[in-house]
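FYI, the numbering for the sequence shown is 2 to 189, going by my numbering. One structure is given below, encoded as structure tokens.
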Amino acid sequence: MSLCSDKWITKMAVEHGMIEPFVETQVRKSGDEKIISYGVSSYGYDVRCAAEFKIFTNINSAIVDPKNFTDDSFVDVNSDVCIIPPNSFALARTLEYFRIPRNVLTICLGKSTYARCGIIVNVTPLEPEWEGHVTLEFSNTTNLPAKIYANEGVAQMIFFESADTCVTSYKDRGGKYQGQQGVTLPEA
Numbered sequence: 002m003s004l005c006s007d008k009w010i011t012k013m014a015v016e017h018g019m020i021e022p023f024v025e026t027q028v029r030k031s032g033d034e035k036i037i038s039y040g041v042s043s044y045g046y047d048v049r050c051a052a053e054f055k056i057f058t059n060i061n062s063a064i065v066d067p068k069n070f071t072d073d074s075f076v077d078v079n080s081d082v083c084i085i086p087p088n089s090f091a092l093a094r095t096l097e098y099f100r101i102p103r104n105v106l107t108i109c110l111g112k113s114t115y116a117r118c119g120i121i122v123n124v125t126p127l128e129p130e131w132e133g134h135v136t137l138e139f140s141n142t143t144n145l146p147a148k149i150y151a152n153e154g155v156a157q158m159i160f161f162e163s164a165d166t167c168v169t170s171y172k173d174r175g176g177k178y179q180g181q182q183g184v185t186l187p188e189a
């Protein structure tokens, strides 16, 4: 396995549609306004968050059960900003759509700007031949409300290319999250 460079990421995005929409540079400003950066970095790609959020709330006294999950515990919000209550979390999705090649594994890490505010971004690996919008989880570990900005950088994708192609890809297994479009809740 080898870590993939900005040149490799750009080639795969432009020639093979690995990331759409794709931004070939690191964007740090929108007009005169500073933003949380997104786009290609040295060895990764900083993804943006879409303006589609599911904020966790326990108004229905639900039990969180990954085998029997219900969206009754979420409030849907479509906005350029998401306020996460203290010690709670929200789900969102990337603005970008991914098509991971068969010989690539992708790991997602939160951006330091959010981590320094007590906001943790959690995403599981994107397996070979997985495709879709990535569902993101933002955990607010503080005892204060926390703000997430849509259409700005929230996490970095790191790509690892293998010299060998996997025997069975996510697509081959018929993975349950293949081709997901919006914020996708757990499926048993």
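Glycine included, each C-beta is placed from N, C-alpha and C at the ideal position. Note that the structure is predicted; figures quoted are calculated from it, not measured.
The C-beta distance from Pro126 to Thr143 rounds to 27 Å, too long to meet the 8 Å contact threshold.
Here the C-alpha atom of Asp66 lies approximately 42 Å from the C-alpha atom of Lys8. The DSSP-derived three-state label of Ala189 is coil. Boundaries around Ala91 are those of the beta strand (DSSP E), 90 to 100, since no alpha helix (DSSP H) includes it. Burial of Asp47 is indicated by the presence of at least 16 other C-beta atoms within 10 angstroms of its C-beta.
Contact between Ile101 and Val76 does not hold, since their C-beta atoms are separated by about 31 Å, which reaches or exceeds 8 Å. Taking each of Phe70, Pro146, Tyr98, Val155 in turn and checking the Cα distance to Asn88, the smallest one comes out for Pro146. For Met19, the number of other beta carbons within 10 angstroms of its own is at least 16, and it is reported as buried. Comparing alpha-carbon positions, the option among Glu138, Gly119, Pro129 lying closest to Gly175 turns out to be Pro129. Cβ contact annotation for Cys83 (same chain, cutoff 6 Å, sequence separation greater than five): Phe54, Ala91, Ile149, in chain order. Around the C-beta of Glu34, fewer than 16 other C-beta atoms lie within 10 Å, and the residue is accordingly described as exposed.
Tyr115 and Ala164 have their C-alpha atoms roughly 34 Å apart. Ranking Gly180, Ala93, Val168, Glu97 by CA distance to the CA of Val122 puts Ala93 first.
Spatial neighbours of Lys30 in its own chain (CB-CB distance under 7 Å, excluding positions within 5 residues in sequence) are listed in chain order as Ile36.
With a 10 Å radius around the Cβ and a threshold of 16 neighbouring Cβ atoms, Glu25 comes out exposed. Cys50 places its beta carbon 7 Å or farther from that of Val124. Collapsing the DSSP output to three states places Asp81 in coil. Taking each of Val168, Asp72, Gln181, Gly40 in turn and checking the Cα distance to Lys112, the smallest one comes out for Gly40. Annotation: Asp72 to Thr136 spans about 15 Å, alpha carbon to alpha carbon.
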